[in-house]
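Working notes, beginning with the structure itself.
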Amino acid sequence: MTDLLKIIPQLTIGAVDLAAAFLFMYGLKRMSSPVTAPSGIKVAGLGMAVAILVSFLYGFDVSATARPLLMANIGLALLALVVGGGLAWWSGRKVAMTAMPQMVALYNGMGGGAAAAIAAVELLGNKADGVSQMVVTLFGALIGAVSLSGSLIAWAKLDGVIKQPLRIRGQQIVNGLVAVATLAVGGYIVAVTQGLVTSPVATPELIYVFFGAALLFGVLMTLPIGGADMPVVISIYNAFTGLAVGLEGFVLQNPALMIAGMVVGAAGTLLTLLMAKAMNRSISNILFTNFGAVVEQMQGEIKGSLKPVEASDAGIFMRYAASVIIVPGYGLAVAQGQQKLYELVKLLQAAGVSVKFAVHPVAGRMPGQMDVLLAEAGVPYDMIFQLDDINDEFASTDVALVIGANDVVNPAARTDKSSPIYGMPILNADKARKVYVVKRGQGKGYAGIVNALFYGDNCDMVYGDAAAVLTRMIEAVRALATKAAA
Ligand code: NAP
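Quick note: the sequence shown uses the numbering used here, first residue 4, plus one each step.
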């Protein structure tokens, strides 16, 4: 009977870990479509909540003497949960849509930092047993620390705290040397702890050096990155964090941590591959060769001129068009113009115009930002098309309305080998019969380059904040309807 009582917590942990793993995977599957994504996030969140709760059953069989320490640790864990959970709840509620990428970078970093902290406790407390466990713990520590410092730099860049990519002469060599030195210190720690060599330096000091070098590597790796590589980098750190958490789950023999880490690691890796494909960069090119090297663009002479038109004229033109494809971009999120945009779309549809949305995979400042923005305004999913599914349609479309987008419709990506976005698949807005571009002025896109589309014969510029321009377009289309009804 007492034996049975003893194994109940163990069985509960096993069963709940399994349930949590199922919830993570099911939640992730639901996140793959914008229709089911909101419920997918809740399902995965529930999985995380039960995984956290069941972790409190670990240590149920400690001896009576170790119990006070266990209770003190549980108290600390609860305090951390309340403080961390409270901060996340507060920051999650108040974050602006345009500041989401910074928040994602910060949370990635926190995950990596947590994994590195677990590894530090294991290493400094001499808890990692044997060579294989030491190696796994050190790898988790390395990846977690790189993800922490790299993500913090990514946050600073996205938040505008660091404004320029910072590069030093021989950057790749310095990065390579720091990486090799970190691995060498790690190897030396394994050799010392296994008694293979005696070190003049105490092991804790070696561990501090190891962490310091890993953090430095994360900083050096991320500082030079600029422009269009940033989204891929954030998703690489997402994958790193997952991997680090999974490795530390293995060290702690915590299945929920292992599975959660591996699921995040795998999802992050897939997202990285998809993002790299969307930007026409290979992962090895991003990681090892051209990491962040943004070629200074030799902008050739651009023919044509910028032709400003009134928002009302553009609105009326679209009202009499047969088909319109809308290309939303980062500026729409800045202006928070999504509701107004959908209002205009409904007016155009009521007038018999066929309207579709074309979404580029890297439009905005984080993966899926445009899908979320349009979903927020209630745009039906069957009106939203991804690049490959709609690109051929531009050529037979009356109007392409480019609203707050720039890099994702820049034809230089097709033709200009010196352009930093050369090779990136773009939306073929320039092929439409008429193009309207809504933006505030001469501002460049994220990649910082001029866009020849704006100078094209078939393109007119509608200057102004996206929300204000849309309001004027709506008024013009409404006025026409009222006139027709009168
Ligand atoms: P973009 O190239 O950054 O261009 C946005 C345009 O919006 C700017 O030219 C700006 O011009 C205009 N704008 C800004 N505020 C506006 C407002 N209130 N009203 C109207 N227009 C406004 O955007 P994109 O075409 O969406 O391309 C995304 C870029 O970001 C790509 O280069 C991508 O690689 C990069 N990126 C993507 C991610 C991701 O995960 N999706 C992450 C980081 C970086 P004005 O200043 O003249 O108004």
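Ideal placement from N, C-alpha and C gives every residue a C-beta, glycine not left out.
Query: Classify residue 439 as helix, strand or coil using the three-state DSSP reduction.; Result: strand
Query: Helix, strand or coil for residue 2 per DSSP?; Result: Residue 2 is absent from the structure shown; the chain starts at 4 and stops at 489.
Query: Quick one: what's got a C-beta closer than 6 Å to residue 476's C-beta in the same chain, skipping five residues either side?; Result: 314, 318 and 347
Query: For residue 168, verify whether its CB is less than 7 Å away from any heavy atom of ligand 1.; Result: no
Query: What residue from 102, 309 and 388 has the CA that sits closest to residue 369's CA?; Result: 102
Query: Evaluate residue 301 with the Cβ neighbour count: other Cβ atoms within 10 Å of its Cβ, from every protein chain shown; 16 or more gives buried, anything less gives exposed.; Result: Reliability fails at residue 301, whose pLDDT of 48 lies under 50, so the model's placement of it is uncertain and the value that follows must be treated cautiously. That one is exposed.
Query: In this structure, how does DSSP classify residue 66 when only helix, strand and coil are distinguished?; Result: coil
Query: Taking 6 Å as the limit between beta carbons, can you name the residues of its chain near residue 401, skipping five residues before and five after?; Result: 324, 325, 326 and 436
Query: Quick check: does the Cβ of residue 106 come within less than 7 Å of any heavy atom belonging to ligand 1?; Result: no
Query: Please state the DSSP three-state secondary structure of residue 403.; Result: strand
Query: Count the CB pairs spanning the segment 173–180 and the segment 139–158 that are closer than 8 Å, and state whether there are at least three.; Result: no
Query: Residue range of the beta strand (DSSP E) that residue 285 falls in?; Result: From DSSP, residue 285 is part of no beta strand (DSSP E); its letter is neither H nor E.
Query: Hey, quick one: how far does the beta strand (DSSP E) through residue 388 stretch, first residue to last?; Result: 387–389
Query: Using the C-alpha atoms, what's the distance from residue 358 back to residue 381?; Result: 15 Å
Query: According to DSSP, simplified to helix, strand and coil, what is residue 310?; Result: coil
Query: Compare the beta carbon distance of residue 104 and residue 10 with 8 Å and say whether it is the shorter of the two.; Result: no
Query: When you compare only the Cα positions, how much space is there between residue 498 and residue 28?; Result: Residue 498 falls outside the range modelled here, since the chain spans only 4 to 489, and no answer is possible.
Query: What number of angstroms, rounded off, separates the C-alpha of residue 335 from the C-alpha of residue 448?; Result: 13 Å
Query: Taking 5 Å as the limit, tell me which residues put their C-beta closer than that to any heavy atom of ligand 1, in chain order.; Result: 231, 233, 234, 332, 333, 334, 337, 338, 365, 366, 367, 368, 369, 370, 407, 408, 409, 410, 411, 442, 443, 444, 446, 448, 449, 450, 468 and 469
Query: Kindly indicate which three-state DSSP category residue 240 falls into: helix, strand or coil?; Result: helix
Query: Output the boundary residues of the beta strand (DSSP E) element that contains residue 360.; Result: 357–362
Query: Count the other C-beta atoms from every protein chain shown that fall within 10 angstroms of the C-beta of residue 427, then say buried if there are 16 or more, exposed otherwise.; Result: buried
Query: Note down, one range per segment and in chain order, each alpha helix (DSSP H) of at least 4 residues found wholly within the segment 174–240.; Result: 174–196 and 206–225
Query: At what residues does the alpha helix (DSSP H) containing residue 134 begin and finish?; Result: 133–161
Query: Do you know offhand how far residue 144's Cα is from residue 450's?; Result: 33 Å
Query: How about residue 473 and residue 309: are their beta carbons less than 8 Å apart?; Result: no
Query: Do you know how far the Cα of residue 130 is from the Cα of residue 206?; Result: 13 Å
Query: Kindly indicate the opening and closing residues of the alpha helix (DSSP H) around residue 35.; Result: Note, residue 35: premise wrong, no alpha helix (DSSP H); not H, not E.
Query: So, residue 23 versus residue 53, is the Cβ gap smaller than 8 Å?; Result: yes
Query: Would you please verify whether the beta carbon of residue 330 is less than 8 Å from any beta carbon of chain C?; Result: Of the chains in the structure shown, none is chain C; there is only one protein chain.
Query: By Cβ distance, which residues of its chain are closer than 8 Å to residue 281, with the 5 residues on each side in sequence left out?; Result: 363, 364, 365, 390, 427 and 428
Query: By how many angstroms is the C-alpha of residue 116 removed from the C-alpha of residue 73?; Result: 23 Å
Query: Can you name the residues that DSSP bridges to residue 331?; Result: 406
Query: How would you label residue 409, buried or exposed, when you count the other beta carbons within 10 angstroms and need 16 or more for buried?; Result: buried
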